[in-house]
Ligand code: FAD
């Protein structure tokens, strides 16, 4: 069984075998391959000098003339201006609403850039050292919650933890956090905080898996899977491996929960045939996702009335992680880091900000923006590709043992 979830690894892998090709195809469509973001924001927490100068760190942006007219900033900007014309100054949009778990990219922002994700694959870039470890350290430090969460004895799985160490600044964050996530550890920790940690660690593992799966052998100049890299960074730490599966089930649950909303969504690119095709692809994918056994029960989180403050802190900390992403000193890593935090943030918003009735596309058609939907599905695709890579590495490992 996957800790804190309602299913086992084998079930998730079976589901993924069905979903991977669908997600892969979907990510190639016009609607899903273009993502708009503010890629060059200043790091709000420290002066970042560690800009990666490797060619592999560069992002190829797309000129707005290549994207459907209706997504261009001048068109979207004009839509925001009232008929009163030049005298009307539209309010500057907030970075997030109360429901958001991350800073949401604003598609009408003229400072944003369009990126064709297919031209910028997430893979080894060579970004490492002090800059990268500072970002990871800061992200894990957000795990130090101040609110002492209530003990919820109904929490599922066998591990009933209570908070005993909240409010303390942890010395060696990374090691402590890793230890605290270990369900066999005696230190008690509440379910919500474990989920927070698992999501971050799962994202970190997933990024590492992509680095190892598309690794550049600097001697031969060849790209390809690097088993040793995968074992060292991920597989020799079972909890890191497990956290990727955890991310998968949380994303799967969010997509299933939002199925009615997404089925009613208009995937508009201006090309009617392609739009209908995308709608049909999404609908098939949602049917598969909905037919899956229950994988994660979000109702167990923030269940008691006292956990309202904890939920607010959880949200605030997740939003901070999306700001920390602006400190990543490698453009391509920042692109995928921002997109995936936005994807996870969208999943959390679906799971914890709206109940089922609210997710009705007829009553509330504008709950999610295009960028949120693109981020959600692309993040799911990335994690899905990570699970496929794990299966591949397992196979290569078994072959290498047989060969010896
Ligand atoms: P790091 O991965 O930097 O890890 C630092 C420490 O965190 C480790 O020593 C360990 O104690 C702990 N740790 C590691 N993994 C986990 C986990 N899953 N759960 C809990 N704790 C963990 N590089 C690329 O080549 N391509 C990319 O696309 C890319 N994207 C990045 C995106 C972000 C947001 C960031 C911050 C970095 C990215 N990097 C990327 C850099 C990459 O993640 C590593 O930082 C770098 O390769 C150095 O790796 P490392 O082995 O020193 O350990």
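In the UniProt record's numbering, the protein residues as written are 1 to 404.
From the three backbone atoms N, C-alpha and C, an ideal C-beta is built for every residue, glycine too.
Being a predicted model, the structure only gives us computed values, none of them experimental.
Close beta carbons around residue i, own chain, < 7 Å, minus the five adjacent residues each side
i, result
"residue 247", "199, 202, 203, 206 and 383"
"residue 105", "36, 37, 38, 112, 342 and 371"
"residue 452", "No answer is possible for residue 452: it lies beyond the span of the chain, which begins at 1 and ends at 404."
"residue 25", "281"
"residue 44", "323 and 326"
"residue 127", "52, 57, 329, 330 and 333"
"residue 345", "100, 101, 102, 318 and 322"
"residue 233", "208 and 212"
"residue 449", "Any question about residue 449 goes unanswered here, given that the chain covers just 1 to 404."
"residue 283", "263"
"residue 369", "104 and 107"
"residue 364", "358"
"residue 9", "2 and 245"
Given residue i as reference, the closest of the options once Cα atoms are compared
i, options, result
"residue 196", "11, 298, 394 and 1", "298"
"residue 395", "47, 227, 145 and 133", "227"
"residue 231", "221, 217, 208 and 253", "208"
"residue 225", "321, 96, 389 and 4", "389"
"residue 109", "64, 47, 301 and 359", "64"
"residue 377", "340, 356 and 130", "340"
"residue 218", "300, 124 and 306", "124"
"residue 236", "97, 118 and 397", "397"
"residue 290", "252, 107, 62 and 46", "252"
"residue 354", "283, 275, 254 and 403", "254"
"residue 276", "14, 30 and 305", "30"
"residue 274", "13, 21 and 32", "32"
"residue 314", "98, 364 and 133", "98"
"residue 96", "129, 9, 278 and 316", "316"
"residue 54", "216, 107, 119 and 72", "216"
"residue 4", "133, 229 and 249", "249"
"residue 337", "364, 356, 379 and 347", "379"
"residue 131", "143, 194, 46 and 144", "46"
"residue 347", "194, 375, 404 and 9", "375"
For residue j and residue i, believed in contact at Cβ under 8 Å, the rounded distance
i, j, result
"residue 67", "residue 34", "5 Å"
"residue 265", "residue 401", "That pair is no contact at about 47 Å."
"residue 335", "residue 135", "Wrong, their Cβ atoms sit about 14 Å apart, outside the cutoff."
"residue 288", "residue 18", "5 Å"
"residue 300", "residue 393", "Contact flag wrong, Cβ pair sits at about 32 Å."
"residue 214", "residue 121", "7 Å"
"residue 242", "residue 2", "6 Å"
"residue 296", "residue 278", "No, residue 296 and residue 278 are not in contact; Cβ-Cβ is about 26 Å, not under 8 Å."
Close Cβ partners of residue i (< 6 Å) along its chain, the five nearest in sequence each way excluded
i, result
"residue 411", "As shown, the chain starts at 1 and ends at 404. That puts residue 411 outside it, with no answer to give."
"residue 381", "23 and 27"
"residue 167", "Unreliable placement is indicated for residue 167, whose pLDDT of 28 sits below 50; the coordinate value is still reported in the next sentence. Contacts found: 146."
"residue 48", "327 and 329"
"residue 386", "206, 209 and 244"
"residue 41", "326"
"residue 285", "22"
"residue 118", "33"
"residue 72", "64"
"residue 356", "none"
"residue 229", "212 and 215"
"residue 133", "none"
"residue 20", "384 and 388"
"residue 223", "214 and 216"
Cβ shell of residue i (< 8 Å), same chain only, five flanking positions each side left out
i, result
"residue 293", "6, 7 and 11"
"residue 359", "257, 258, 260, 261, 350 and 367"
"residue 399", "none"
"residue 115", "34, 35, 36, 37, 39, 59, 60, 61, 62 and 335"
"residue 308", "302"
"residue 13", "387 and 391"
"residue 220", "none"
"residue 320", "142"
Closer than 8 Å: residue i CB and nearest the ligand NAD heavy atom
i, result
"residue 132", "This structure lacks the ligand NAD; its bound ligands are the ligand FAD."
Ordered list of beta strand (DSSP E) runs contained in the stretch 199–230, each at least 3 residues: Runs found: 215–217 and 222–224.
Segments of 4+ residues assigned as alpha helix (DSSP H) that fall wholly inside the stretch 316–398: 331–352, all fully within the stretch 316–398.
Minimum length 4: unbroken alpha helix (DSSP H) runs contained in the stretch 9–41: Entirely contained in the stretch 9–41, the alpha helix (DSSP H) runs reaching 4 residues are, in chain order, 9–26 and 30–33.
Runs of alpha helix (DSSP H) lying entirely within the stretch 222–281, each at least 4 residues, in chain order: Listed in chain order, the alpha helix (DSSP H) runs fully inside the stretch 222–281 are 227–230, 238–257 and 259–263, counting runs of at least 4 residues.
Complete alpha helix (DSSP H) runs within the stretch 112–143 (minimum length 4 residues, chain order): The stretch 112–143 contains these whole alpha helix (DSSP H) runs: 129–141.
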